[in-house]
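Asks: When we follow the UniProt record's numbering, the leftmost residue of the sequence shown carries the number 1, and every step to the right adds one.
For every residue, glycine included, the Cβ atom is placed at its ideal position computed from N, Cα and C.
Before I ask anything, let me first share the structure, which is written out below as structure tokens.
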Amino acid sequence: MAASQWVINVDQSSFNQQVIEPSYRVPVLVDFWAPWCGPCRALGPILEKLANEMAGRFILAKVNSDENPQLSQQFGVQGIPACKLVIEGAIVDAFTGALPESGVRQFLDKAIPSAADNEAAQAALLAQRGDLLGALELYQKGLAEQPDHTGCLVGAASIALAQGKDAEASAFMERLTPKGLNSDAAKALQNKLAFRQTNQDVETLRQDVARHPDNLDHRITLGQALIAQEQIEAGLEQLLLAVKQDRHYKEDHARKLILKVFEMLGHAHPITSHYRGKLSQVLFT
């Protein structure tokens, strides 16, 4: 039964007004149930609890399938409980059966963006346009709502890094969950932070390499310093030379650094594609 503004009972006559039309503003989860159905009685309170807890991320619309057979047929309901997620007038996802609360949460988190998700997406657009302060404000707003939100933490850390605030960037990264730390974006930023720790003077390192061309420590450090200064290709060339001189030096250190650069740039980046080929050529010829 209806418990709040987020949980409503609907039927054939009110369906368009209470489900289809609102779905253009907010996702609507339609729950097909019946009074005699045991699994429905188990699932119903979970759905209502989450609708109230999420307070506006979605509307729960409950349909008594016995009293509304045409709606059940229209939505292809073959067993109950059956939940259909409606966004902009169309079913975008569904599940059948009495999922546990954790399963319902997973379904909703995957299908329905949170406020922090939306703020992270808007902030990323602002950052792309160069409005770093506006982007950071949105990331901070998202973090006020969801303190461990991966997109907001990584986005805020990226801005801090762009502003030369490495310690602040590290502080944002330390707040990530283990799952967040394992995301591609977080790994890329971690690698960038690691390279930034190499703050030695590039010209001094060039002179060291020129005087001692066989010293792999000098060459690898030069490569790291160049990458830290965003001279990615020049840095990769130095690391490739180190691999060519001795692939196994310090447990493949130079090769592993190259792989970290690929991870930092992303595997679809043109520099990654180009230097992956060059690395293969060095390793297998």
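(1) On the criterion of 16 or more Cβ atoms from any shown chain inside 10 Å, does Tyr24 qualify as buried, or is it exposed?
(2) Indicate the three-state DSSP secondary structure (helix, strand or coil) for Thr285 in the structure shown.
(3) Nearest-angstrom Cα distance between Glu203 and Leu226?
(4) Counting only the same chain and skipping the five closest in sequence on each side, list residues whose C-beta sits under 6 Å from that of Gly235.
(5) Could you give the first and the last residue of the continuous alpha helix (DSSP H) run that contains Asp166?
(6) Assign Pro81 to one of two classes, buried (16 or more other C-beta atoms within 10 Å of its C-beta) or exposed (fewer than that).
(7) May I have a chain-ordered list of the alpha helix (DSSP H) segments no shorter than 4 residues that lie completely inside the UniProt domain "Thioredoxin" (1-113)?
(8) Would you call the segment 120-128 and the segment 100-107 in contact, with 3 or more CB pairs under 8 Å?
(9) If you draw a straight line from the alpha carbon of Glu67 to that of Glu88, how long is it in whole angstroms?
(10) Helix, strand or coil, according to DSSP, for His267 in the structure here?
(11) Verify the CB distance criterion: does Thr221 have a CB-CB separation below 8 Å to chain C?
(12) Please state whether DSSP places Asp252 in a helix, a strand or coil.
(13) Under 6 Å Cβ to Cβ from Met1, same chain only, skipping five residues before and after it: list those, please.
(14) Only counting runs of 4 or more residues, tell me where the alpha helix (DSSP H) segments fall wholly within the segment 199-242, in order along the chain.
(15) Using C-beta distances below 8 Å, list every residue in its chain close to Ala194, excluding the 5 sequence neighbours before and after it, in chain order.
(16) Take the Cβ of Thr285 as the centre, count every other Cβ of all protein chains shown within 10 Å, and call the residue buried at 16 or more, exposed below.
(17) Tell me whether the beta-carbon of Met264 lies closer than 8 Å to the beta-carbon of Asn191.
(18) In whole angstroms, what separates the C-alpha of Val10 from that of Glu145?
(19) Could you check what DSSP says for Asn118 in three-state terms: helix, strand or coil?
Replies: Straight from the coordinates:
(1) Under this definition Tyr24 is an exposed residue.
(2) coil
(3) 10 Å
(4) Same-chain partners within the cutoff: Gly223, Leu226, Ile227.
(5) Residues 166-174.
(6) Note on Pro81: 16 or more other CB atoms within 10 angstroms of its CB, so buried under the neighbour-count rule.
(7) You should have 38-54, 69-74, 101-111.
(8) No: the two stretches stay apart, fewer than three of their Cβ pairs being nearer than 8 Å.
(9) 25 Å
(10) coil
(11) The question asks about chain C, but that chain is absent: this structure has only one protein chain.
(12) coil
(13) The predicted position of Met1 is uncertain, since its pLDDT is 47 and thus under 50; no value can be drawn from it.
(14) As far as the segment 199-242 is concerned, its whole alpha helix (DSSP H) runs of at least 4 residues are 202-211, 216-228.
(15) Lys260
(16) exposed
(17) yes
(18) 31 Å
(19) helix
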